[in-house]
Amino acid sequence: MSVVLPDLAAQGLDLIGISWPNVDEDAYRDMANSLREFADDVDTDAHEANQTVQRLVSSGDGLAFQALDKHWGKVRGKHLADLANAARIMAGALDACAEVIVAMKLAAIAQLAALAAEAAAAVAASPVTLGLSAAAGAAAIQATRMAVRRLIKEAAQAAVEYILSALAEPAVAALEGMAADLVIQVAANALDLQDGIDAGQAADAAKQGFADGQESAKDSLGLASAGTMTLASADGLGGLGALTVEHGEHDRAAGGLQLTSVKFGGSTKSKLGAAKGHHNRTRGRDEITAVIDPLADKAMASLEKAVGDLQKHMGDDLPRGVRSISAMHKGNDQSVRARLNSVDPGSPHGGSSGGSGNGPGAPSGGGRPPANGPGGGGTPPPTPPWHGRTAGDMRHHRRPVANAGGMTPDQQRQLVRDESRRLADDADRPAQSGQAKQIGQERTKKGCAGALVHNDVVTAHTSFQNYKGETLVPDHHPGMREALDETERRLRAEGIEPGVGHGQCSEVALISDRLHQMDPSGTSIRTVDDVRAAMDGAAVHTRQVTNHPGIGLNHGDFKPPCRSCSTMLPLLGVEVLN
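Now the structure itself:
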């Protein structure tokens, strides 16, 4: 509780003509407590992210994993640790400032109370002493005035020294250079560190194994099925050790890091907002706050900048790098498999590379992927459980999830447009006579086909609806439900009715499914702001399925967002590609 000036001391203050220090020391204590809560949350987020990374690292082996593990060790052991330590150091400095202010106030109160008592006695004695006591009282007033001014000045100087000392601590000073130190190379170098190992060596070494002989290559390369690829140790790997990649773990890890990033930039960062709010309670009140304010602002700005740098790193750079490791080795696996098949007439894929272009999942080549799956011919890859979760068993059509890692932003956006067109064509094909209901592959009449790119992943999904006689309910992610409710509130506030298919548009399915992937339990991404942070950088493109003369659109035309989506997409920060 802040020190309050007693009545007797207030009388002394009136005599010396100095304003009482109006600084609220409790505001600095509360600010310190919020910073400690922030530091605790940083530690928790770091632990969660570490579990995600260690699960991925333990799922495979090879140079790329070594580089990732080494880099993450620095992110967690230095950058995240520095951030938490810096917050605690600043909290200690603010507590020290509060104690200095309390000590100053108590000393000033003692001076003022003594002066008030002396002045009262002087006034009472002045008729007897013929004014001599009044003169003595004037001298006491001047002495007290100087003493109180000295106390205030010394308190301000001490507070400044505490904060400057905190700002000079290595953990705090390191925050300024964090962004530059976090820069990493992804895609081709697969998280190659400044002094680390180029993971591309692993792919080159694996390819060299084939050149050592066709039979020895078959023996040394374990080409596993499903999502696992193992490159066994042999001379073909140059003695670098086994290389094992669980591709499913990469998507899980990327999603886990993105989820932690959302929390980091949401609930964790909010503690900094609370600290700033406490600071504002006492900002600019007197000469003590005048010297503390700019230094406290500098410290808070450094903490906030570091949070932004680390949030981007955990939510964008690291997931991109993790997916690039998988994409690089998938491409290498496909290349080696194709070359082995080309010399094995008995192979079911003999003589074929299995791919026709540089669609998602294929590292290079020309042309477009065929209609039945991105990145290569044959059976499309299995659908992850989150893709199509929102629509469930309702009538809709979707394409396989595509990996756009390694593409430029312009290439990714063109891929989104191409995927939405392919989806529109797929969804417009009549079902074969007698064909049973196929979830996610149904024909869509006069609907919308959309594709979304988000964190190097491209998904394509149509609008969805119930079959006749069914009353199924979409499984919207809680964050999406909140976004839909907020959209409806805003529209109705303007006297506008939501779109006819409110909540069942292609854009809704695409975004909601991605939220399901990042937050399967639906407990971390709850608010519109959470969704906006989670979907940062996302872009969507939609097309008309079948001709619709009533609205002037032909099959395959760009279809602008409906009334609901026109409000919702900007609210969530999702870019509309026309």
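Numbers in this note's numbering are just positions in the sequence shown, counted from 1, shifted up by 64. Just so you know, even glycine gets a beta-carbon here, dropped at the ideal spot from N, CA and C.
Measuring only the C-alpha atoms, how far is residue i from residue j?
{"i": "T292", "j": "H314", "result": "Residue confidence for T292 is low, a pLDDT of 37 falling below 50, so the modelled location carries little weight and cannot support an answer."}
{"i": "T208", "j": "W84", "result": "13 angstroms"}
{"i": "Q568", "j": "T631", "result": "15 angstroms"}
{"i": "K333", "j": "F622", "result": "39 angstroms"}
{"i": "L127", "j": "M582", "result": "27 angstroms"}
{"i": "I589", "j": "M599", "result": "11 angstroms"}
{"i": "A222", "j": "C161", "result": "8 angstroms"}
{"i": "P494", "j": "E561", "result": "33 angstroms"}
{"i": "I352", "j": "V517", "result": "52 angstroms"}
{"i": "L382", "j": "L321", "result": "8 angstroms"}
{"i": "G504", "j": "N618", "result": "23 angstroms"}
{"i": "K134", "j": "V480", "result": "34 angstroms"}
{"i": "S390", "j": "G620", "result": "33 angstroms"}
{"i": "R507", "j": "W136", "result": "46 angstroms"}
{"i": "K532", "j": "Q475", "result": "40 angstroms"}
{"i": "E89", "j": "I165", "result": "6 angstroms"}
{"i": "E182", "j": "I227", "result": "38 angstroms"}
{"i": "I615", "j": "S628", "result": "17 angstroms"}
{"i": "D104", "j": "L323", "result": "18 angstroms"}
{"i": "A155", "j": "A96", "result": "4 angstroms"}
{"i": "H451", "j": "E550", "result": "24 angstroms"}
{"i": "H566", "j": "V87", "result": "53 angstroms"}
{"i": "F528", "j": "H612", "result": "17 angstroms"}
{"i": "P542", "j": "V572", "result": "12 angstroms"}
{"i": "I82", "j": "Q206", "result": "11 angstroms"}
{"i": "L579", "j": "M544", "result": "8 angstroms"}
{"i": "P449", "j": "G312", "result": "12 angstroms"}
{"i": "G372", "j": "A151", "result": "15 angstroms"}
Tell me whether the beta-carbon of residue i lies closer than 8 angstroms to the beta-carbon of residue j.
{"i": "A370", "j": "T116", "result": "no"}
{"i": "A602", "j": "E558", "result": "no"}
{"i": "V465", "j": "G379", "result": "no"}
{"i": "T606", "j": "A547", "result": "no"}
{"i": "S388", "j": "G470", "result": "yes"}
{"i": "L641", "j": "V604", "result": "yes"}
{"i": "V522", "j": "E483", "result": "yes"}
{"i": "E240", "j": "S366", "result": "yes"}
{"i": "A491", "j": "G511", "result": "yes"}
{"i": "R463", "j": "R486", "result": "yes"}
{"i": "G157", "j": "A230", "result": "This sequence places Ala at residue 157; Gly is not what is there. Cβ distance < 8 angstroms, so A157 and A230 count as in contact."}
{"i": "L99", "j": "A339", "result": "yes"}
{"i": "A171", "j": "R140", "result": "no"}
{"i": "V592", "j": "L635", "result": "yes"}
{"i": "H342", "j": "D94", "result": "yes"}
{"i": "D125", "j": "A235", "result": "no"}
{"i": "K509", "j": "T610", "result": "yes"}
Under a three-way DSSP split, which group does residue i fall into?
{"i": "G514", "result": "strand"}
{"i": "T523", "result": "strand"}
{"i": "A160", "result": "helix"}
{"i": "R459", "result": "strand"}
{"i": "P448", "result": "coil"}
{"i": "V106", "result": "helix"}
{"i": "P464", "result": "strand"}
{"i": "E310", "result": "strand"}
{"i": "F622", "result": "strand"}
{"i": "A252", "result": "With a pLDDT of only 31 at A252, under 50, the local geometry of the prediction cannot be trusted, and the value read off the model is given with reservation. Three-state result, A252: helix."}
{"i": "A267", "result": "In this predicted model, A267 has a pLDDT of only 37, less than 50, meaning its place in the structure is not dependable; the value taken from the coordinates is given anyway. A267 falls in the helix class under three-state DSSP."}
{"i": "H566", "result": "coil"}
{"i": "L579", "result": "helix"}
{"i": "Q478", "result": "helix"}
{"i": "D490", "result": "helix"}
{"i": "H343", "result": "helix"}
{"i": "H541", "result": "coil"}
{"i": "P234", "result": "helix"}
{"i": "L536", "result": "coil"}
{"i": "M659", "result": "With the chain covering 65 to 642 only, the question about residue 659 has no answer from this structure."}
{"i": "G425", "result": "Confidence in G425 is poor, its pLDDT being 38 and thus under 50, which makes the residue's placement too unreliable to answer from."}
{"i": "E558", "result": "coil"}
{"i": "S628", "result": "helix"}
{"i": "P85", "result": "coil"}
Run through the DSSP bridge pairs and tell me what residue i is partnered with.
{"i": "V604", "result": "L516 and V640"}
{"i": "R135", "result": "Reading off the sequence, residue 135 comes out as His, not Arg. None; H135 has no bridge partner."}
{"i": "Q529", "result": "R459"}
{"i": "L617", "result": "H612"}
{"i": "Q505", "result": "H461"}
Any chance the CB of residue i is under 7 angstroms from a heavy atom of the ligand PLP?
{"i": "L555", "result": "This structure lacks the ligand PLP, and indeed carries no ligand of any kind."}
Chain B beta carbons: is any one of them nearer than 8 angstroms to that of residue i?
{"i": "D621", "result": "No chain B is present in this structure, which holds just one protein chain."}
Beta strand (DSSP E) segments (min. 3 residues) lying fully within the stretch 354–398: Positions of the beta strand (DSSP E) runs, each at least 3 residues long and wholly inside the stretch 354–398, cannot be given because no such run exists.
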